[in-house]
Every structure is written in C-alpha cells, then in structure tokens.
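Novice: There's a structure below that I have some questions on.
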Amino acid sequence: MKTMFKISYQINDLAKLKGQFIFDKKSNTAVISENDIATILSELTALIISLKKKHKIYQFNYSIGLIDENNNIDTPKILFTDEKTLFNEVSKYSALTSATITYLQATDHGEYDSRIWEDCENPLGTQAILSLVTKDKKWMPEYIYFLRTCDLDHEVNQGGDIEELIEQYGWCKETATLAIARLITCCGQHGSDQFEDLLEAGLSDYIQENKQLFLEKLMEEFKYALDSDSCYSPSLNASKEDYLNEYFEYVEVLTSVLDKNDFDKISKDLLAIWTDFNEF
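Going by full-length UniProt numbering, 193 is the number at position 193 of the sequence shown; the sequence numbering is gapless.
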C-alpha cells in the first residue's frame with residue numbers, strides 16, 4: 001500500500017467548513033524524514049493559499065496524519081495535532097527557514113485583512129515565527145512584522161511571548177527595537193502598560209547607555225507607522241499641532257529617560273516629515 005499524508009482542516013468556527021487533503025509520502029524511509037517535513041509544510045502552505053481563494057477565512061486549524069498499511073484513510077496515525085506540534089519538528093531543520101517564511105506569508109491577509117486565527121486565542125503563524133526568533137535574534141524584524149499583522153486589539157499571549165524573548169536575549173539592539181514597536185505599531189491593548197514595565201525591567205538603563213541608537217530606532221518606528229498608514233499613527237493630513245500632540249502621547253512615557261534636547265530632536269524630525277508631506 002502506498003504511504004500518504006492527510007491534512008484534516010476546519011475553516012471558521014461557526015460555519016464549520018471541514019475538509020481533507022491527501023498527498024503521497026515521497027521518501028522511502030520508515031521514519032518521518034526532513035524531506036517529508038518539507039513536503040508537508042509545502043503542501044500545507046499551498047492548501048492554505050488555495051483555500052483563501054475560495055473562502056473568506058478568519059480561522060483555520062488543522063491536524064496531519066499518516067496513512068499506511070496499518071492506518072487507513074479514516075483513521076490515520078496522527079503526527080501533528082496543531083501548528084505548535086508541527087513547528088516543533090520543522091524547527092529542527094535550518095533548511096526549512098525559507099519555507100517557514102512562505103507559510104507565514106500565506107497565513108496573513110485573512111478575512112478583514114488581518115492575520116488568520118488558529119483558534120480564539122492564537123493567530124495562525126505564531127508557532128512558526130517563534131520557531132525562528134527563539135533560535136536566533138536576527139529574526140526579530142520578522143517577528144515585529146508578524147506582530148503588526150495580528151489583531152492586537154484582541155491580544156492574548158503576545159505580551160508573554162515578548163517578555164520571554166527579552167528575557168532570553170537581554171537588552172540589546174534587537175530587543176530594544178521590539179520594545180519600541182510594542183509602544184507604537186504593536187501597541188494593541190496592553191502595549192503602553194507593558195512598555196512601562198519594560199522600562200523598570202532594565203530598558204531605562206539600556207536607553208541611558210545607548211541613547212543615540214534608541215532615538216534612531218524610535219524614529220524608524222515612527223516613519224514605518226506613517227509610511228504604512230498604521231492605525232497607530234496620526235494622519236499627516238492633520239494639523240501640525242494635532243499631528244505632533246498625538247505622537248507625543250506615545251512618547252510621554254519616556255519623560256523619565258529622555259531630556260528636553262531629545263524631545264526637541266524628535267519634534268524636529270517629526271515636523272520635517274509633516275512639512276515634506278504638506279508643503280510639496
């Protein structure tokens with residue numbers, strides 16, 4: 001009997017659109033090999049892309065099983081019960097990094113143009129991006145971008161994930177950039193409160209020792225918010241006073257670590273962006 005894999009999936013919790021997708025196990029090994037995991041991830045990603053063309057998907061979950069001489073099509077041997085168990089395996093293979101990024105792209109842009117949910121608490125792709133960024137902090141920019149694609153007005157575990165990453169890597173350029181994003185484009189429900197906690201947990205000292213770098217990263221975040229027309233940025237169409245006042249609502253929390261010269265520089269840089277937009 002030919003050995004095959006089966007993806008069982010459910011779309012949207014209320015509609016309960018269920019389905020399955022079956023494909024061949026290409027390797028001849030008795031165990032699940034790296035090539036098998038690559039095939040599973042590739043087929044799963046392609047399936048999600050295909051289903052997004054047919055359905056408005058805001059929630060998608062899946063399990064993956066094995067069909068062989070001992071396990072038939074209706075009762076496959078379950079290999080992976082969810083995204084977490086799958087990416088616990090995927091993360092063992094550095095060659096699957098690119099495929100992981102492709103999966104992350106596929107699980108974005110669901111219904112309402114926000115990231116698809118795996119369930120009522122977890123955005124799909126969470127375990128995929130964590131499998132990268134917990135292995136190497138070089139993936140922090142991709143993690144920040146991932147957070148920006150999530151509906152952080154309904155966040156559940158993101159604050160804890162952020163805290164764990166900062167504990168893992170300590171204060172450095174990457175984690176300071178993450179903290180800045182948490183204050184602005186990844187603010188969501190609890191970003192402001194968490195940023196204040198981070199200041200007390202060592203970020204304040206890091207800023208004092210690396211102020212120039214911090215201010216550069218802060219301005220990069222402001223510029224990203226404006227360029228992407230983020231819901232967390234004021235409109236360049238607003239009056240100059242309203243535009244600046246709204247931005248300074250974000251950085252008011254930094255009054256304990258930045259001085260007047262720092263705020264004057266931020267104001268000057270922000271005003272230059274507003275002026276370029278409105279006067280040319």
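Every residue gets a Cβ at the ideal spot worked out from N, C-alpha and C, and that includes glycine. On a predicted model such as this, the values are computed, not experimentally measured, just so you know.
1) Output the residue ranges of the beta strand (DSSP E) runs that lie fully inside the stretch 146-195 and measure 3 residues or longer, sorted by chain position.
2) Identify whether L104 lies in helix, strand or coil by the three-state DSSP scheme.
3) A99 to T3, Cα distance in whole Å?
4) State whether the stretch 217-225 contacts the stretch 187-204, with contact taken as three or more CB pairs (one from each stretch) at a distance under 8 Å.
5) How close, in whole Å, do the beta carbons of E111 and I57 come, if the pair is a contact with beta carbons under 8 Å?
6) Give the single residue among L258, V156, L236 whose Cα lies nearest to the Cα of N278.
7) To the nearest whole angstrom, what separates the beta carbons of E83 and E43, a pair I think is in contact under 8 Å?
8) For S131, name the three-state secondary structure that DSSP assigns.
9) In whole angstroms, give me the CA-to-CA distance for residue 287 and V251.
10) Cutting at 6 Å between CB atoms, please list the residues of its own chain near G125, excluding the five before and the five after it.
11) Compute the distance between the beta-carbons of M140 and E167, then report whether it is under 8 Å.
12) Find the nearest neighbour of I180 within the set K211, N157, E155, judged by alpha-carbon distance.
13) At 3 residues or longer, what runs of the beta strand (DSSP E) sit wholly inside the stretch 35-73?
14) Please state the DSSP three-state secondary structure of I32.
15) Cutting at 6 Å between CB atoms, please list the residues of its own chain near C120, excluding the five before and the five after it.
16) Within 8 Å, do at least three Cβ pairs link the stretch 249-269 to the stretch 203-210?
17) Spatial neighbours of G19 within its chain, please: CB distance less than 6 Å, with the 5 preceding and 5 following residues excluded, ordered by chain position.
18) Determine which residues share a DSSP beta bridge with Q20 and list them.
19) Which two residues bound the contiguous beta strand (DSSP E) that contains L79?
20) Keeping to the same chain, check which residues put their C-beta closer than 6 Å to that of W171; ignore five residues upstream and five downstream.
Specialist: Reading off the structure:
1) Counting whole runs of 3 or more residues, the stretch 146-195 contains no beta strand (DSSP E) stretch at all.
2) The DSSP-derived three-state label of L104 is helix.
3) When rounded, the distance between both Cα atoms is 23 Å.
4) Touching, no, given that fewer than three Cβ pairs across the two stretches are closer than 8 Å.
5) Between E111 and I57 a beta carbon distance of about 6 Å is seen, short of the 8 Å cut, so the two are scored as contacting.
6) Among L258, V156, L236, the Cα nearest to that of N278 is on L236.
7) The C-beta distance from E83 to E43 rounds to 15 Å, too long to fall under 8 Å, and the pair is not in contact.
8) Residue state, collapsed to three classes: helix.
9) The shown model of the chain, from 1 to 280, leaves out residue 287, and the question about it has no answer.
10) Answer for G125: L104, T107, listed in chain order.
11) No, these two residues do not count as a Cβ contact at 8 Å.
12) For I180, the nearest C-alpha among the options comes from K211.
13) Qualifying beta strand (DSSP E) stretches, in chain order: 60-67.
14) I32 falls in the coil class under three-state DSSP.
15) So no residue of the chain qualifies.
16) At 8 Å Cβ cutoff, the stretches touch.
17) For G19, where only same-chain residues beyond five positions count, the Cβ hits under 6 Å are Y9.
18) Partner(s): S8.
19) Its beta strand (DSSP E) spans residues 77-80.
20) G202, Y206.
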